[in-house]
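*Asks:* My questions will all concern the structure given below.
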Amino acid sequence: MDKIKRLDENLKSRINEQKTARSKVQFKSVDEVNSEIDRLQKQVDSGTMKIVDEKKALADISQLNRQKKGFAGFDEAQKGIDEVKGQIAELRKTLDDPE
């Protein structure tokens, strides 16, 4: 029971960390980031932007590429959460056995 409680507390803290980290990011997935990068790149490639706007768009593209790499960290954290959930399920199964 103590192991289950500790794992449950660990799980809750990981989930809260994940939620706060995701709330800081304005995009929900890598696909959304890619579509925004493509949109900005098309604007830059069209050649109709002012130089100042073009520089800002290029800076935004590099920032979005860094954010895209951050989504890999979210995936790793989610795997850790799933792993803890599996451990809790296994421990509960052993407790539920009549033996």
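Heads up: the sequence shown begins at 1207 in the numbering used here, then just goes up one per residue. Backbone N, C-alpha and C define an ideal beta-carbon position, used for all residues, glycine too.
Identify whether residue 1284 lies in helix, strand or coil by the three-state DSSP scheme.
*Replies:* As a position in the sequence shown, residue 1284 is number 78, starting the count at 1. Helix.
*Asks:* Counting C-beta neighbours from all protein chains within 10 Å, is the total for residue 1239 16 or more, i.e. buried, or is it exposed?
*Replies:* Translated into the one-based positions of the sequence shown, residue 1239 becomes position 33. Looking at its Cβ environment, which holds 16 or more other Cβ atoms inside 10 Å, residue 1239 is buried.
*Asks:* According to the Cβ coordinates, are residue 1243 and residue 1267 closer than 7 Å?
*Replies:* The count along the sequence shown starts at 1 and reaches residue 1243 at position 37. The count along the sequence shown starts at 1 and reaches residue 1267 at position 61. Against a cut-off of 7 Å, the Cβ pair of residue 1267 and residue 1243 comes out as a contact.
*Asks:* With burial defined as no fewer than 16 other Cβ atoms inside 10 Å of the residue's Cβ, what is the status of residue 1246: buried or exposed?
*Replies:* Taking the first residue of the sequence shown as position 1, residue 1246 is located at position 40. By the 10 Å Cβ count, residue 1246 comes out buried.
*Asks:* The alpha helix (DSSP H) that contains residue 1232, what's its start and end?
*Replies:* Counted from its first residue, the sequence shown places residue 1232 at position 26. Per DSSP, residue 1232 belongs to no alpha helix (DSSP H) and is neither H nor E.
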